[in-house]
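*Asks:* Next up is a structure, given as structure tokens.
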Amino acid sequence: MFKKILLLTAAIVTSSFATWDYFGLLQNNSGSVKTGLYYDWDGDWSQMGLKVGARVNIVPQFELSFQSFGYQFWGEKECDDDDEKPECKTYEEGGKGLRDLVIGARYALDPELYLFLDFNLPIGKDKPTDKGRTPPSHHEMYIYAGAQHHRDIASIKGASYGAEAGLFWGFKHHDRERGLELRLGGEFDFTLPSAPVTLLVGGQFWFRLFASEYNNGTKKDKEMHDDWSHQWKFWVGASVPLSDDISIKGTIMARSQDLKNKSYEPEIVMEGDALGVTLEMEFKF
Numbered sequence: 001m002f003k004k005i006l007l008l009t010a011a012i013v014t015s016s017f018a019t020w021d022y023f024g025l026l027q028n029n030s031g032s033v034k035t036g037l038y039y040d041w042d043g044d045w046s047q048m049g050l051k052v053g054a055r056v057n058i059v060p061q062f063e064l065s066f067q068s069f070g071y072q073f074w075g076e077k078e079c080d081d082d083d084e085k086p087e088c089k090t091y092e093e094g095g096k097g098l099r100d101l102v103i104g105a106r107y108a109l110d111p112e113l114y115l116f117l118d119f120n121l122p123i124g125k126d127k128p129t130d131k132g133r134t135p136p137s138h139h140e141m142y143i144y145a146g147a148q149h150h151r152d153i154a155s156i157k158g159a160s161y162g163a164e165a166g167l168f169w170g171f172k173h174h175d176r177e178r179g180l181e182l183r184l185g186g187e188f189d190f191t192l193p194s195a196p197v198t199l200l201v202g203g204q205f206w207f208r209l210f211a212s213e214y215n216n217g218t219k220k221d222k223e224m225h226d227d228w229s230h231q232w233k234f235w236v237g238a239s240v241p242l243s244d245d246i247s248i249k250g251t252i253m254a255r256s257q258d259l260k261n262k263s264y265e266p267e268i269v270m271e272g273d274a275l276g277v278t279l280e281m282e283f284k285f
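Below, the structure is given as structure tokens:
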């Protein structure tokens, strides 16, 4: 057990993803390390980076994880030297650097029902989002807590689903404080009877319950009027085991954001609009 905790700690140097997934906890003091590449794009903007993470079963009902760490290679708009668009006048390459680290915990109330808590440490590189760049961190400390439910579908051999509901509470950063958000998610997995391949489809819905606030130098914070903003996200993919302890997974994702704030106010974005692909490999120990 001590060796596995040491291995998990070492994996923080390359560690990964917020709530780990929607499915069961590891058992028997086992652990896993996950590493993967992501690439998102929307028009002339794109970002690419490396995510890594690790988790370990501490006691039979408790799992500890390190998520969302990694390195972003770039996050920027693509502008030619002779591009006349206004945003290209001040364009700078960038958006690269370390990502934030999320420390997560899941506790099983029973084999199918879990409580989870994620805490974000904003240790990533934080740069202004003007000049066409999107930094790997917004320097926002947050807590995300809720419950998950997972079950195998008895009537469909090889099928299972996982679902999640939680509240996302962001702390004040850059004189801004995100409004409380409700976040829902779920995934359906189906393992083919004729091949060791698991197909998956999933989605998320985020809803900002209360308006965010900002301070423009006055004594009292002002509302951003961005309550009822929401974000949709959908993905499809497949997972293939390479051995008993190694698996590889690829996904294709689409997401859309509807931000409600006034044009003259600052923004606290969700995830924005984009298409994306990910390729991940997980090693169990």
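So that you can map any letter, position 29 of the sequence shown is 29 in the working numbering, and since no number is skipped, the others follow by simple counting.
Don't be surprised by glycine CBs; every beta carbon is placed ideally from N, CA and C.
Return the Cβ separation of residue 238 and residue 198 in integer angstroms, given the expectation that the two are a contact with Cβ distance under 8 Å.
*Replies:* Start at 1 with the first residue of the sequence shown, and residue 238 comes out as number 238. Start at 1 with the first residue of the sequence shown, and residue 198 comes out as number 198. Going by Cβ atoms, the distance from residue 238 to residue 198 rounds to 7 Å, so yes, they are a contact pair.
*Asks:* Opposite residue 76 in the DSSP bridges: which residues?
*Replies:* As a working mapping, residue 76 is identified with position 76 in the sequence shown. Note: residue 76 sits in a beta bridge opposite 46, 133.
*Asks:* Could you tell me the distance, in whole angstroms, from the CA atom of residue 202 to the CA atom of residue 72?
*Replies:* What you label residue 202 is simply residue 202 of the sequence shown in a count that begins at 1. What you label residue 72 is simply residue 72 of the sequence shown in a count that begins at 1. Straight-line Cα distance between these residues: approximately 24 Å.
*Asks:* Classify residue 270 as helix, strand or coil using the three-state DSSP reduction.
*Replies:* What you label residue 270 is simply residue 270 of the sequence shown in a count that begins at 1. Here DSSP, grouped into helix, strand and coil, assigns residue 270 to coil.
*Asks:* Kindly indicate which three-state DSSP category residue 123 falls into: helix, strand or coil?
*Replies:* Counting from 1 along the sequence shown, the entry for residue 123 is found at position 123. Residue state for residue 123 is assigned as coil, using DSSP reduced to three classes.
*Asks:* Just the Cα atoms here: how many angstroms apart are residue 253 and residue 219?
*Replies:* Stepping through the sequence shown from its first residue, residue 253 is reached at position 253. Stepping through the sequence shown from its first residue, residue 219 is reached at position 219. It is roughly 42 Å from the alpha-carbon of residue 253 to the alpha-carbon of residue 219.
*Asks:* For residue 27, is the classification buried or exposed, using 16 other Cβ atoms within 10 angstroms of its Cβ as the cut-off for buried?
*Replies:* Locating residue 27 in the sequence shown gives position 27, counting from the first residue. Counting Cβ neighbours within 10 Å, residue 27 comes out exposed, since fewer than 16 surround it.
*Asks:* Counting contacts by CB-CB distance shorter than 8 Å, is residue 66 in contact with chain C?
*Replies:* Annotation note: the requested chain C is absent from the structure, which comprises a single protein chain.
*Asks:* Can you check which of these residues, 167, 163, 147, is closest to residue 185 by C-alpha distance?
*Replies:* Reading the sequence shown from its first residue, position 185 is the one you call residue 185. Minimum Cα distance to residue 185 is reached at 163.
*Asks:* According to DSSP, is residue 241 helix, strand or coil?
*Replies:* Position 241 of the sequence shown, counting from 1, holds the residue named residue 241. Strand, per DSSP.
*Asks:* Helix, strand or coil for residue 32, going by three-state DSSP, please let me know.
*Replies:* As a working mapping, residue 32 is identified with position 32 in the sequence shown. Here residue 32 sits in strand by DSSP.
*Asks:* What is the DSSP secondary structure of residue 150, reduced to helix, strand or coil?
*Replies:* Locating residue 150 in the sequence shown gives position 150, where the first residue counts as 1. Correct three-state label for residue 150: strand.
*Asks:* Return helix, strand or coil for residue 96, following the three-state DSSP convention.
*Replies:* Residue 96 sits at position 96 when you count from the first residue of the sequence shown. Coil, per DSSP.
*Asks:* Taking the C-alpha atoms as reference points, what is the distance between residue 374 and residue 274?
*Replies:* Residue 374 lies beyond the range of the chain shown here (1 to 285); nothing can be said about it.
*Asks:* Under a Cβ-count criterion, where at least 16 other Cβ atoms within 10 Å of its own Cβ denotes burial, should residue 268 be classed as buried or exposed?
*Replies:* Residue numbering aside, residue 268 sits at position 268 when the sequence shown is read from its first letter. It is buried - the Cβ of residue 268 has at least 16 other Cβ atoms within 10 Å.
*Asks:* Please say whether residue 228 and residue 208 have beta carbons closer to each other than 8 Å?
*Replies:* Start at 1 with the first residue of the sequence shown, and residue 208 comes out as number 208. Start at 1 with the first residue of the sequence shown, and residue 228 comes out as number 228. Closer than 8 Å, so yes.
*Asks:* On the DSSP bridge list, what partners appear for residue 210?
*Replies:* Start at 1 with the first residue of the sequence shown, and residue 210 comes out as number 210. Partner(s): none; residue 210 has no beta bridge.
*Asks:* May I ask you to report which of helix, strand or coil DSSP gives residue 284?
*Replies:* Stepping through the sequence shown from its first residue, residue 284 is reached at position 284. Look at residue 284 here: in three-state DSSP terms it is strand.
*Asks:* Can you tell me whether residue 232 is helix, strand or coil according to DSSP?
*Replies:* For this step, residue 232 is matched to residue 232 along the sequence shown. Strand at residue 232.
*Asks:* Let me know the secondary structure DSSP gives residue 257 once reduced to three states.
*Replies:* Working through the sequence shown from its first residue, we reach residue 257 at position 257. Strand at residue 257.
*Asks:* Do the CB positions of residue 106 and residue 70 come within less than 8 Å of each other?
*Replies:* For the purposes of this step, residue 106 is taken as the residue at position 106 of the sequence shown. For the purposes of this step, residue 70 is taken as the residue at position 70 of the sequence shown. Result no, Cβ atoms of residue 106 and residue 70 do not sit closer than 8 Å.
*Asks:* Can you name the start and end residues of the beta strand (DSSP E) that residue 296 belongs to?
*Replies:* Absent from the model: residue 296. The displayed extent of the chain is 1 to 285, so no value can be given.
*Asks:* Could you please give me the residues that DSSP links to residue 171 through a beta bridge?
*Replies:* In the sequence shown, counting from the first residue as 1, residue 171 sits at position 171. Beta-bridge pairing links residue 171 to no other residue.
*Asks:* Whole angstroms is fine: what's the gap from residue 234's alpha carbon to residue 272's?
*Replies:* In the sequence shown, the residue the question calls residue 234 occupies position 234. In the sequence shown, the residue the question calls residue 272 occupies position 272. The C-alpha of residue 234 lies about 13 Å from the C-alpha of residue 272.
*Asks:* Can you tell me which of the three DSSP states residue 198 falls into?
*Replies:* In the sequence shown, the residue the question calls residue 198 occupies position 198. Of the three classes helix, strand and coil, the one that applies to residue 198 here is strand, per DSSP.
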